[in-house]
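Take a look at the structure below.
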Amino acid sequence: MDDSDDSQRSFHWLVHNFLKMDDEVHLLHVIPRMAYTTTYSVPALDFSPGIDRDKYEDLVRKSEAFIVKRFLSVFPEESKSTPIVHIIKSETDTSSVGHIVCQKAAELKANCVAMGSHNKGAVKEFFLGSVSHYIMANCKVPVMVVKGI
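For the sequence shown, the numbering used here assigns the number 1 to the initial residue and increments by one for each residue that follows.
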C-alpha cells in the first residue's frame, strides 16, 4: 500500500467486496532506502550512504499516519481482527518491492495477496515496470489485483 488515492480506492473495494469478517489482514508498506539516507553530491559507485535517523523516523511517522488515516480508519469495526501493519525499509525498484511482497506473503503463509494497480500508462509502465505485474508473475500464492476503480 502507498499514500495514493488508487491504493485507498482498491483497499475500500477489497474491504467491501472480498474481506470476510474473520480474515487476518496484513497491510504492507515499503519505505525506499534512499529516501532516508544522508545525501552527498556525487558518491562513488561503491559508496554506501549513511542513514539519516531523523529522516527515517520522520518517514515512519508519515507512513503510520497515512496508514491510519487512509486504511485503518475505514476497516470494519465488526471485523474479528485488527489489521497487522508491516512497514519495511528496503532498496526499491519495481522488482524489489514486488520481491518483498512475495517474500512476506510466503513468510506469513498468506492465502492471497490482494493489491491495487496504479494506472501509470503504457509508456511509464514500460520504463518503470509494474509492481503488480512482478507479483502476479512471481508470487507463490494467489494474487488478486483491483484495477482502476
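Using N, Cα and C, we set each Cβ at its ideal position, and we do this for glycine too.
- Note that the C-beta distance between Phe75 and Met1 is not below 8 Å.
- Looking from the CA of Ile135, the closest CA among Val30, His99 and Asp52 belongs to His99.
- In this structure, Ala105 sits near Val141, with a CB-CB distance shorter than 8 Å.
- Residue pairing by DSSP places Ser117 opposite Lys147 in a beta bridge.
- One Cα belongs to Leu28, the other to Asp52, and the distance between them is close to 23 Å.
- In terms of Cβ geometry, Met115 and Ser4 do not form a close pair [threshold 8 Å].
- Your pair Ser117 and Val146 checks out as a contact, with CB atoms roughly 7 Å apart and the cut at 8 Å.
- Asp54 and Glu107 have their C-alpha atoms some 30 Å from each other.
- Between Ser90 and Lys109, the alpha-carbon positions lie close to 21 Å from each other.
- For Leu27, the enclosing beta strand (DSSP E) has its first and last residue at His26 to Pro32.
- Per the coordinates, the alpha-carbon of Pro83 lies some 11 Å from the alpha-carbon of Ser73.
- The beta carbons of Ser81 and Val25 sit about 7 Å from each other, so the pair counts as a contact at 8 Å.
- Straight-line measurement puts the Cα of Asp58 at about 32 Å from the Cα of His16.
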